[in-house]
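Engineer:
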Amino acid sequence: MDVNKVILIGRATSDAQMTEFETGGKVARFSLATNKRAYTKNGIEYPGKTEFHRISVAFPSLVDYVIKRIKKGYLIYVEGELQTKKTADSNYYTFIFARDVSVLKYPNTEPYNSTKEPSTEAEQPLTNMDDIVGDLPF
-10 MDVNKVILIG RATSDAQMTE FETGGKVARF SLATNKRAYT KNGIEYPGKT EFHRISVAFP
50 SLVDYVIKRI KKGYLIYVEG ELQTKKTADS NYYTFIFARD VSVLKYPNTE PYNSTKEPST
110 EAEQPLTNMD DIVGDLPF
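Numbering (the numbering used here), first residue to last: -10 to 127.
This is the structure we're talking about:
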């Protein structure tokens, strides 16, 4: 059995941008930064490593949510899968094809509970993200 699943919690580095196609489809894209904290043996934190991730969303109801809600600096939960594409000049890039996106916290505010309306049972949002965020080891 193969598994291709990615779960990220990080800060949006830009507002979400939407691309509409002649066929009527649309895709939302944004970037997400995740930080790895590092500690000395004495427990003192020092600068860790920041990773930047490209996020793409193609589910129509999720695209609308992302365009309305994802802004630079917001703490975001993303769940999806890795995909790799080849560009016209034969270069490759990897991105996250998101199946679930939720705002966890607006800058300088309390955690936010998502109010998006799921269109199917498969799109049900997680209900208590505070429990998930609090149990993470970083």
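C-beta atoms are modelled at their ideal positions from N, C-alpha and C, and glycine is treated no differently.
Within 10 angstroms of the Cβ of Val(-8), are there 16 or more other Cβ atoms? Answer buried if so, exposed if not.
Structural biologist: Position 3 of the sequence shown, counted from the start, is the residue given in the question as residue -8. Counting Cβ neighbours within 10 Å, Val(-8) comes out exposed, since fewer than 16 surround it.
Engineer: Could you tell me if Phe19 is buried or exposed, where buried requires 16 or more neighbouring beta carbons within 10 angstroms of its beta carbon?
Structural biologist: Locating residue 19 in the sequence shown gives position 30, counting from the first residue. Buried.
Engineer: From Pro96, Asp78, Tyr66, pick the residue whose C-alpha is nearest to that of Ile85; which is it?
Structural biologist: Walking along the sequence shown from the start, residue 85 turns up at place 96. It is Tyr66.
Engineer: Compute the Euclidean distance between the alpha carbons of Val(-5) and Asp4, then round it to the nearest angstrom.
Structural biologist: By 1-based counting over the sequence shown, the position of residue -5 is 6. By 1-based counting over the sequence shown, the position of residue 4 is 15. When rounded, the separation of the alpha-carbon atoms in Val(-5) and Asp4 is 21 angstroms.
Engineer: For the alpha helix (DSSP H) that Pro49 lies in, which residues bound it at each end?
Structural biologist: Indexing the sequence shown from 1 puts residue 49 at position 60. It spans 49 to 58 - the alpha helix (DSSP H) in which Pro49 sits, taken as one unbroken run.
Engineer: Let me check understanding here. Comparing Cα to Cα, which of Glu68, Asp53, Asp78 lies closest to Ala17?
Structural biologist: By 1-based counting over the sequence shown, the position of residue 17 is 28. Out of Glu68, Asp53, Asp78, Asp53 has the C-alpha closest to the C-alpha of Ala17.
Engineer: Would the beta-carbon of Tyr93 fall within 8 angstroms of that of His42?
Structural biologist: The residue given as residue 93 occupies position 104 in the sequence shown. The residue given as residue 42 occupies position 53 in the sequence shown. Note that residue 93 is Leu in the sequence shown, not Tyr. Cβ distance not < 8 angstroms, so Leu93 and His42 don't count as in contact.
Engineer: How far does the beta strand (DSSP E) with Ser45 in it extend, from its first residue to its last?
Structural biologist: In the sequence shown, residue 45 corresponds to position 56, counting from 1. It spans 34 to 46 - the beta strand (DSSP E) in which Ser45 sits, taken as one unbroken run.
Engineer: Assign Met(-10) to one of three DSSP states: helix, strand, or coil.
Structural biologist: As a position in the sequence shown, residue -10 is number 1, starting the count at 1. Of the three classes helix, strand and coil, the one that applies to Met(-10) here is coil, per DSSP.
Engineer: Would you say Gly62 and Ala87 are within 8 angstroms of each other, going by their C-beta atoms?
Structural biologist: Position 73 of the sequence shown holds residue 62. Position 98 of the sequence shown holds residue 87. Going by C-beta atoms, Gly62 is not nearer than 8 angstroms to Ala87.
Engineer: Specify the secondary structure class of Ala5 as computed by DSSP and reduced to three states.
Structural biologist: Sequence index remark: in the sequence shown, residue 5 carries index 16 (1-based). Reduced to three states, the DSSP call for Ala5 is coil.
Engineer: Let me know if Gly(-1) comes out buried or exposed under the rule of 16 or more other beta-carbons within 10 Å of its beta-carbon.
Structural biologist: For the purposes of this step, residue -1 is taken as the residue at position 10 of the sequence shown. Per the 10 Å Cβ criterion, buried.
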